[in-house]
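> Okay, here's the structure, questions in a sec.
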Amino acid sequence: MTDLEQVEIQIEVANTMRKLRDNAIKLMDNKLFKDVIGEGYFKEEAARLVMAKSASLAPEHEKLIDNMIYGVGALNNYLDAIVERGRQMDAAIGEHEETRDEILAEEMAQAEGSA
Numbered sequence: 025m026t027d028l029e030q031v032e033i034q035i036e037v038a039n040t041m042r043k044l045r046d047n048a049i050k051l052m053d054n055k056l057f058k059d060v061i062g063e064g065y066f067k068e069e070a071a072r073l074v075m076a077k078s079a080s081l082a083p084e085h086e087k088l089i090d091n092m093i094y095g096v097g098a099l100n101n102y103l104d105a106i107v108e109r110g111r112q113m114d115a116a117i118g119e120h121e122e123t124r125d126e127i128l129a130e131e132m133a134q135a136e137g138s139a
């Protein structure tokens, strides 16, 4: 694989991550998402699970509730990570495009020199 092909793949991956970020932001801004996930899951369900954990429970039920609490945090962390990776790709894609342009310029200079 050539350097140019590697850079093109990096640009494609960066664009895919940025698109995923943009879609996640649109999703999180959606009123239905806010109602169902933002309020219903991240707040109300999380509070219910914490309250349930404070009750005297059998160890297997307590473990189940712990896993459900971790699930709430995991989804929130996943969404945050998508947004952060997309933000990082905003900067990286510029660098990749500069590298691509440099490679193309070198190839054109070499082609002109051999002609």
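If you want our numbering, it's the 1-based position in the sequence shown plus 24.
Here a beta-carbon is modelled for each residue, glycine too, at the ideal position from N, C-alpha and C.
1) Considering only the beta carbon of each residue, do H120 and V37 sit closer than 7 Å?
2) For the alpha helix (DSSP H) that contains N54, what are its first and last residues?
3) Just checking my contact of L73 with I89 at CB under 8 Å: how many whole Å lie between their CB atoms?
4) Between T123, H85, M132, D53, which has its C-alpha nearest V107's C-alpha?
5) Distance, Cα to Cα, M132 vs G118?
On the basis of the supplied data:
1) Locating residue 120 in the sequence shown gives position 96, where the first residue counts as 1. Locating residue 37 in the sequence shown gives position 13, where the first residue counts as 1. For the 7 Å CB-CB criterion, H120 and V37 do not form a contact.
2) Residue 54 sits at position 30 when you count from the first residue of the sequence shown. Per DSSP, N54 belongs to no alpha helix (DSSP H) and is neither H nor E.
3) By 1-based counting over the sequence shown, the position of residue 73 is 49. By 1-based counting over the sequence shown, the position of residue 89 is 65. The Cβ separation is near 6 Å, so the contact holds.
4) Counting from 1 along the sequence shown, the entry for residue 107 is found at position 83. Nearest of T123, H85, M132, D53 to V107, Cα basis: D53.
5) Sequence index remark: in the sequence shown, residue 132 carries index 108 (1-based). Sequence index remark: in the sequence shown, residue 118 carries index 94 (1-based). For M132 and G118, the distance between alpha carbons rounds to 21 Å.
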